[in-house]
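A short worksheet on the structure shown next.
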Amino acid sequence: MNRIVIIGSPGTGKSTAARKLGASLQLPVHHLDRYMWTAGWELLNAEDQRSIVHTIAATNRWVIDGNYRASLQDRIERADCVLLFERPLLLSLYRIVKRRFRYRKTTRPDMAPGCPERLNLEFLLYTIRFRRQKLPKLLSIVPEEKLIRLSSNRELERFIARNG
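Right, dumping it as structure tokens:
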């Protein structure tokens, strides 16, 4: 495995898994949150998102984490596999709140500079609705033969052991 896409609801551990996969498989890691936002939480337009992802995906080795539907097709076409992280909603919400306090008034390492950690109702609702509203749209783009569902850290460890 040389090209891995990671998708899933916020708080499922995508960025942590990307770092772990990158280290274990010796692959460069690209957190899309770092590329898709500019200071002050300004989201890039879809065309710029696709351009950035196209440049990254054109290389031969990578782990890319993030949903960003506008650029998903390009990633999937080049990917060896797409890892879908599925965790219970309450665990995801807990992790989001925990992350907020851990990075209070600072920017996470996997986030764009100038985008300090925040927690608001809009993001919580996005997370709550993700499985029902966003995930089906993402999965409609992913070929079944490339999709690998992971619902625990143990499953991630097994994936790494098989592919490392």
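Counting in my numbering, the sequence shown runs without a single skipped number right up to 173 at its last residue.
Using N, Cα and C, we set each Cβ at its ideal position, and we do this for glycine too.
Excluding residues up to 5 positions away in sequence, 18 lie with their Cβ nearer than 6 Å to the Cβ of residue 139 in the same chain. Annotated as distal: residue 136 and residue 126, with beta-carbon spacing of 8 Å or more.
Restricting attention to 51, 21, 54, 62, the CA atom closest to the CA of residue 38 is found in 62. Nearest in C-alpha terms to residue 160, of all of 59, 36, 168, is 168. The beta carbon of residue 69 lies closer than 8 Å to those of 11, 12 in the same chain, with the five residues before and after it left out.
Cβ contact annotation for residue 50 (same chain, cutoff 7 Å, sequence separation greater than five): 124, in chain order. Scanning 105, 109, 128 for the CA closest to the CA of residue 20 turns up 105. Annotated as distal: residue 157 and residue 100, with beta-carbon spacing of 8 Å or more. Excluding five sequence positions before and after residue 33, the CB atoms of its chain that fall closer than 6 Å to its own CB belong to 169, 173, given in chain order.
The DSSP assignment places complete beta strand (DSSP E) segments of no fewer than 3 residues inside the segment 14-63 at 38-40, in order along the chain.
A distance below 6 Å between beta-carbons, with the five flanking residues on each side excluded, links residue 112 to the following residues of its chain, in chain order: 126. A straight-line Cα-Cα distance of about 33 Å links residue 88 and residue 130. With respect to the C-alpha of residue 78, the residue from 41, 94, 95 having the closest C-alpha is 41. Between residue 109 and residue 134, the gap from beta carbon to beta carbon reaches 8 Å or more.
Approximately 6 Å separates the beta-carbon atoms of residue 81 and residue 147; this is inside 8 Å, confirming the contact.
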